[in-house]
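Read through the structure below, which is laid out as structure tokens, and then see the notes.
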Amino acid sequence: MQWDGWLDNAEKRTSPNFNERPDCQVDLLVVHCISLPEGSYGGPWVDRLFLNRIRGTEHPSFADLEGLEVSAHFFIARDGTLTQYVNCFSRAWHAGLSSFNGRTNCNDFSIGVELEGCDKDGYEPAQYQVLRDLVKRLQDYFPALSSERVVGHEHIAPGRKTDPGPQFAWKEFREELEKA
Numbered sequence: 001m002q003w004d005g006w007l008d009n010a011e012k013r014t015s016p017n018f019n020e021r022p023d024c025q026v027d028l029l030v031v032h033c034i035s036l037p038e039g040s041y042g043g044p045w046v047d048r049l050f051l052n053r054i055r056g057t058e059h060p061s062f063a064d065l066e067g068l069e070v071s072a073h074f075f076i077a078r079d080g081t082l083t084q085y086v087n088c089f090s091r092a093w094h095a096g097l098s099s100f101n102g103r104t105n106c107n108d109f110s111i112g113v114e115l116e117g118c119d120k121d122g123y124e125p126a127q128y129q130v131l132r133d134l135v136k137r138l139q140d141y142f143p144a145l146s147s148e149r150v151v152g153h154e155h156i157a158p159g160r161k162t163d164p165g166p167q168f169a170w171k172e173f174r175e176e177l178e179k180a
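Okay, here's the thing in structure tokens:
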């Protein structure tokens, strides 16, 4: 990782949707999923959302997204392409109302990773591989980021969020992460 919090192996796209973290250690990684429109893959819509360029008129399901200011640190496409939107030292706006182990505001101390997908579909082997490699690389820089602290949005916002959903192979992912 470069000194400025940008990975050199990721495509860099700077989202305006971030701010400074409070003075705390990064020790959580939150896995999300996103597809726009839901269940559609490969379009420009996630990029446009994170860059505040999506328009409600572009698709009927986008009406509530226009003007929404959200981001994640990373996005992993179905083919494994890795894009970084926010540097790792800044607070991306991905978790919303959330808590982990009694700590609220997970954006303050987490890295957010969006997988291209929806919680009803499975994920691609390339996405799991890139996610594993990303976690291992981030663990080198953030040693408190143990494999047990890689969680889903569903785990930090139960009842409000369901991603990455039942199709995400947590057991296998954790086993592979421990072997890597």
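Quick note on UniProt numbering: the sequence shown kicks off at 1 and runs consecutively.
Backbone N, C-alpha and C define an ideal beta-carbon position, used for all residues, glycine too.
This one's a predicted model, so the numbers in the text were calculated from it and none came from an experiment.
Under three-state DSSP, which class holds residue i?
i: A126; result: helix
i: H153; result: helix
i: K12; result: strand
i: R137; result: helix
i: L97; result: coil
i: T57; result: helix
i: R132; result: helix
i: F142; result: coil
Where residue i and residue j are concerned, what is the direct C-alpha to C-alpha distance, given to the nearest angstrom?
i: L49; j: A144; result: 30 Å
i: R132; j: G5; result: 18 Å
i: N107; j: Q127; result: 23 Å
i: V86; j: R137; result: 16 Å
i: K120; j: R174; result: 21 Å
i: N52; j: H59; result: 15 Å
i: S99; j: D27; result: 13 Å
i: G67; j: G56; result: 9 Å
i: residue 187; j: Y123; result: Nothing about residue 187 can be reported from this structure: the residues present for the chain run from 1 to 180 only.
i: D8; j: H73; result: 14 Å
i: S40; j: S61; result: 12 Å
i: D23; j: C88; result: 14 Å
i: W170; j: E176; result: 10 Å
i: D47; j: S71; result: 9 Å
i: F109; j: A180; result: 24 Å
Between residue i and residue j, is the Cβ-Cβ spacing less than 8 Å?
i: C118; j: S15; result: no
i: P125; j: C33; result: no
i: A10; j: T83; result: yes
i: F168; j: V30; result: no
i: V150; j: V135; result: yes
i: G42; j: R78; result: yes
i: G80; j: Q129; result: yes
i: F75; j: E38; result: no
i: K161; j: E154; result: yes
Please report the Cβ distance between residue i and residue j, rounded to the nearest whole angstrom; I am assuming they are in contact, meaning their Cβ atoms lie under 8 Å.
i: S90; j: N19; result: 7 Å
i: I156; j: A95; result: 6 Å
i: F69; j: W93; result: A small fix is needed here, since residue 69 is Glu in this sequence, not Phe. E69 to W93, Cβ: 6 Å. Contact.
Say yes only if the C-beta of residue i is nearer than 7 Å to one or more non-hydrogen atoms of the ligand FMN, and no if none qualify.
i: D4; result: Looking at this structure, you won't find the ligand FMN or any other ligand, since it has none at all.
For residue i, report the span of its alpha helix (DSSP H) as first-last.
i: V46; result: W45 to F50
i: L177; result: W170 to K179
The beta strand (DSSP E) that contains residue i, what's its start and end?
i: L115; result: S110 to E116
i: C24; result: Here C24 belongs to no beta strand (DSSP E), and DSSP marks it neither H nor E.
i: A92; result: S90 to A92
i: F62; result: Element bounds for F62: n/a, residue is neither H nor E.
i: L36; result: Careful: L36 lies outside any beta strand (DSSP E) and carries neither H nor E.
i: T81; result: Careful: T81 lies outside any beta strand (DSSP E) and carries neither H nor E.
Consider the Cβ of residue i: report whether some Cβ of chain B lies at a distance smaller than 8 Å.
i: F173; result: This model lacks chain B altogether; it includes just one protein chain.
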